[in-house]
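Novice:
Residue numbers (our numbering): 5 to 294.
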């Protein structure tokens with residue numbers, strides 16, 4: 005899985021040289037190139053680099069993350085792996101980072117539904133009724149409340165962004181092929197998409213679907229994300245919302261695949277993702293460590 009590009013045979017992840025020595029006592033290899041000569045393992049230059057967990061624990065981590073329908077919180081993961089909560093927290097977010105990078109590769113095409121939903125920023129009502137405020141008003145909303153915009157191909161892949169719907173409509177042509185058919189609600193921000201392909205809009209205040217005009221695929225994604233927020237994590241931190249949103253989009257894309265294929269796919273994308281610059285040394289306050 006790690007060295008699939010070379011038929012499963014190890015090669016140097018730094019220089020790409022294919023001739024290596026085997027150091028069996030350390031589960032490592034050494035590059036034969038005189039200009040390199042570095043030692044490396046199966047996790048070198050991947051998101052698993054600088055690990056302290058065993059290979060078995062890492063494989064269990066990937067298996068638990070790939071088999072659940074909505075998500076796996078760090079507390080439950082720490083119990084399953086028998087590690088501290090802080091360890092499980094960082095490893096879960098490393099996997100979410102790899103999934104986000106995977107979801108944001110390539111271009112989308114075909115029939116694409118676009119919709120936005122707001123997450124985070126919950127305001128607990130006051131005990132006494134006179135002290136309560138109208139939480140629907142913009143002035144009473146928390147700063148952590150952010151908009152998740154989902155782009156989803158019908159019977160295809162999806163991509164989530166954390167931004168306003170107007171900003172999402174502006175960015176859409178950069179990763180969606182021209183000529184794709186867009187399905188949105190009746191917000192004016194999406195009118196600019198008509199210059200890049202057919203645009204079909206549905207007014208949700210009148211009906212949820214009108215023949216082929218609907219955003220039910222996008223609503224299905226939001227239902228899963230909302231359940232993950234309320235039933236699994238109970239809260240999405242605003243700075244990590246993008247990774248949570250794209251993890252759920254990956255789960256929604258692969259909901260019909262068997263568990264073993266999801267496990268292999270997640271292990272593949274994780275073993276080919278570079279070292280996390282955000283999460284390496286996170287608890288040592290080295291978020292931008294090299």
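Glycine included, C-beta positions come from ideal geometry on N, C-alpha and C.
Measuring straight from C-alpha to C-alpha, what distance separates residue 1 and residue 127?
Specialist: Residue numbering for the chain in the displayed model covers 5 to 294; residue 1 lies beyond these limits and cannot be assessed.
Novice: When DSSP builds the beta bridges, which residues end up paired with residue 150?
Specialist: BP columns for residue 150 point to 123.
Novice: Which word fits residue 232, buried or exposed, when buried means at least 16 other C-beta atoms lie within 10 angstroms of its C-beta?
Specialist: Burial call: buried.
Novice: Looking only at its chain, what residues have a beta carbon closer than 7 Å to the beta carbon of residue 142, apart from the 5 residues adjacent to it on each side?
Specialist: Nothing meets the Cβ criterion.
Novice: Hey, which unbroken runs of the alpha helix (DSSP H) at 4 residues or more fall wholly within the segment 155-180?
Specialist: 169-175, all fully within the segment 155-180.
Novice: Leaving out the 5 sequence neighbours to the left and right, which residues in its chain are closer than 6 Å to residue 263 when beta-carbon positions are compared?
Specialist: Here the set comprises 71.
Novice: State the Cα-Cα distance for the pair residue 241 and residue 29, rounded to the nearest angstrom.
Specialist: If I take the Cα positions, the gap works out to 43 Å.
Novice: Rounded to whole angstroms, what's the CA-CA distance from residue 25 to residue 223? Just pull it up for me.
Specialist: One C-alpha to the other measures close to 53 Å.
Novice: Exposed or buried, which one is residue 63 when buried takes at least 16 other CB atoms within 10 Å?
Specialist: Exposed, since its Cβ has fewer than 16 Cβ neighbours within 10 Å.
Novice: Is the Cβ-Cβ distance between residue 120 and residue 157 less than 8 Å?
Specialist: Their beta carbons are not under 8 Å apart, which means residue 120 does not touch residue 157 by this criterion.
Novice: Would you list the residues sitting across from residue 187 in a DSSP beta bridge?
Specialist: BP columns for residue 187 point to 117 and 204.
Novice: Of the choices 18, 89, 100 and 204, whose alpha-carbon is the least far from that of residue 270?
Specialist: Looking at the Cα atoms, 100 is the closest of the given residues.
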